[in-house]
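Data block below; observations after.
There are 2 protein chains.
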Amino acid sequence: MHEKQYRIGEFSKLVGLSAYTLRYYEDQDLILSQRDENGVRYYTAEDIRWIGFILHLKGTGMRLNELKRYVQLRAQGDGTIGERRAMLQKVKDDAEADIAELQMHLKVLSRKIDWYDGKTDHTIPDTESFHDYLQKFNK
Amino acid sequence: MHEKQYRIGEFSKLVGLSAYTLRYYEDQDLILSQRDENGVRYYTAEDIRWIGFILHLKGTGMRLNELKRYVQLRAQGDGTIGERRAMLQKVKDDAEADIAELQMHLKVLSRKIDWYDGKTDHTIPDTESFHDYLQKFNK
DNA sequence: AAACACCTTTGAGTGCACTCGAAGGCAAGG
DNA sequence: CCTTGCCTTCGAGTGCACTCAAAGGTGTTT
Chain E
100 MHEKQYRIGE
110 FSKLVGLSAY
120 TLRYYEDQDL
130 ILSQRDENGV
140 RYYTAEDIRW
150 IGFILHLKGT
160 GMRLNELKRY
170 VQLRAQGDGT
180 IGERRAMLQK
190 VKDDAEADIA
200 ELQMHLKVLS
210 RKIDWYDGKT
220 DHTIPDTESF
230 HDYLQKFNK
Chain F
100 MHEKQYRIGE
110 FSKLVGLSAY
120 TLRYYEDQDL
130 ILSQRDENGV
140 RYYTAEDIRW
150 IGFILHLKGT
160 GMRLNELKRY
170 VQLRAQGDGT
180 IGERRAMLQK
190 VKDDAEADIA
200 ELQMHLKVLS
210 RKIDWYDGKT
220 DHTIPDTESF
230 HDYLQKFNK
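So the protein sequences, as listed, match chains E and F. Using the numbering used here, you'd call the opening residue of the first sequence number 100 and step up by one each time. Using the numbering used here, you'd call the opening residue of the second sequence number 100 and step up by one each time.
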């Protein structure tokens, strides 16, 4: 029993990346493809999982060249697990820092929205600037 | 009593944007500057607050051209508060969606780190793939 | 026979937000 | 007088990750 094989067009729809991008990723050594007797690429369920995983990494802000490094380490076997773990930990820490910053910005934005609402329904005096309003939360 | 005036060099350090960027933002109509009798830009505490605010907006993912639109509306007065509020709400919703997605990716990344740890200390059998391991969380 | 999906290499274009340099000029301070 | 810091316009360069087109090829399907 052999798994279903997907050619690039079908696979492209499956993983949500264009055929251009898939070839580009292969060129960048992020993914591999197998070839049939005519040199036509095909992919399997395993490749779907791999792409899925690299999309998670990308989704957390990992750059293509870091990803490439990661792939190289993976190819070198279990001896590189420590280094790979460290890479992921760093990406994770960075992403968490990004989220924290984003949330900080969002807080101000939310307060601005509240301030607009206060102006509109006159629960905030006309004379109170957003800056003044914001200050109230900082003591 | 008049407020302290900052020339572009000093102001640049104060707000963390290069003089190039400040001129660029002015060019893009995101900020205004006053000029002295020689045509030299100067900024005040009010400008610090304004830049601070636009950096919050940028920080939540607002693009320069949206920001520009926002600035235009602001210049048109209180009649545009509704539209401005709506813009901010959209930016907020988008940012929250981004955070949610980021957290989803982070979850997988964290599990991969745990999986590495499990492999390293042999609490996860050698035969269990990450994919198998992940599946356990989805039932 | 034509249409279709794929293959190759190569190089150019896109979008965003800067970032910088050239070239020439003004004004204040040491 | 010279350096520093600012001014202008204009155009080019940067980084990232695609995205696409050209030009010519192979093999399968209708």
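Ideal Cβ placement from N, Cα and C applies to all residues, glycine included.
- Secondary structure remark: continuous beta strand (DSSP E) runs of at least 3 residues inside the region 150-188 of chain F: none found.
- Against chain F, the CB of His221 (chain E) has no partner CB under 8 angstroms away; the residue lies outside that interface.
- Looking from the CA of Asp135 (chain E), the closest CA among E:Arg122, E:Asp126, E:Arg106, E:Ser117 belongs to E:Arg106.
- Taken through DSSP and simplified to helix, strand or coil, Gln127 (chain F) comes out as coil.
- Selection F:Trp214, F:Asp146, F:Gln188, F:Thr226 evaluated against Lys211 (chain E) yields F:Gln188 as nearest (Cα-Cα).
- With respect to the C-alpha of Ser111 (chain E), the residue from E:Gly151, E:Gly138, E:Gln127 having the closest C-alpha is E:Gly151.
- DSSP links Tyr142 (chain F) through a beta bridge to F:Tyr105.
- Going by beta carbons, Tyr119 (chain E) and Ser132 (chain E) fall outside the 8 angstroms limit.
- Two segments are said to touch when three or more pairs of C-beta atoms, one from each, lie closer than 8 angstroms; by this definition the region 158-168 of chain F does not touch the region 155-175 of chain E.
- Closest by C-alpha distance to Leu205 (chain E), out of F:Ser209, F:Lys191, F:Leu201, is F:Lys191.
- From the beta-carbon of Gln188 (chain F), the residues of chain E found nearer than 7 angstroms are Ile212.
- A straight line joining the alpha-carbon of Glu109 (chain E) with that of Glu145 (chain E) spans about 15 angstroms.
- Arg134 (chain E) is bridged by DSSP to E:Arg140.
- Met186 (chain E) is classed as buried because its beta carbon has at least 16 other beta carbons within 10 Å across all chains shown.
- Between the C-alpha atoms of Ala194 (chain E) and His155 (chain F) there is a straight-line separation of about 18 angstroms.
- Taking 8 angstroms as the cut-off, the Cβ atoms of Arg148 (chain F) and Tyr215 (chain E) do not count as close.
- If you look at Asp231 (chain F), you'll find it in the alpha helix (DSSP H) that goes 229-234.
- For Gln127 (chain E), same chain residues with a beta-carbon under 7 angstroms away, outside a window of 5 residues either side, are Leu163, Lys167 in chain order.
- In this structure Ile198 (chain E) touches Leu201 (chain F) by the C-beta definition: roughly 6 angstroms separates them, less than 8 angstroms.
- Separation of the CB atoms of Ile180 (chain E) and Lys235 (chain F) is rounded to 20 angstroms, and the pair is thereby denied contact status at 8 angstroms.
- Taking a beta-carbon distance threshold of 8 angstroms, Thr159 (chain E) counts as an interface residue toward chain F.
- Note on geometry: alpha-carbon atoms of Ser209 (chain F) and Gly138 (chain F) lie some 55 angstroms from one another.
- Collapsing the DSSP output to three states places Gly217 (chain E) in a helix.
- Contact note: Lys218 (chain E) reaches chain F through Asp177, Ile180, using a C-beta cutoff of 9 angstroms and chain order.
- Within the same chain, and ignoring the five residues on either side of Lys103 (chain E) in sequence, the residues whose Cβ sits closer than 8 angstroms to its Cβ are Thr143, Ala144.
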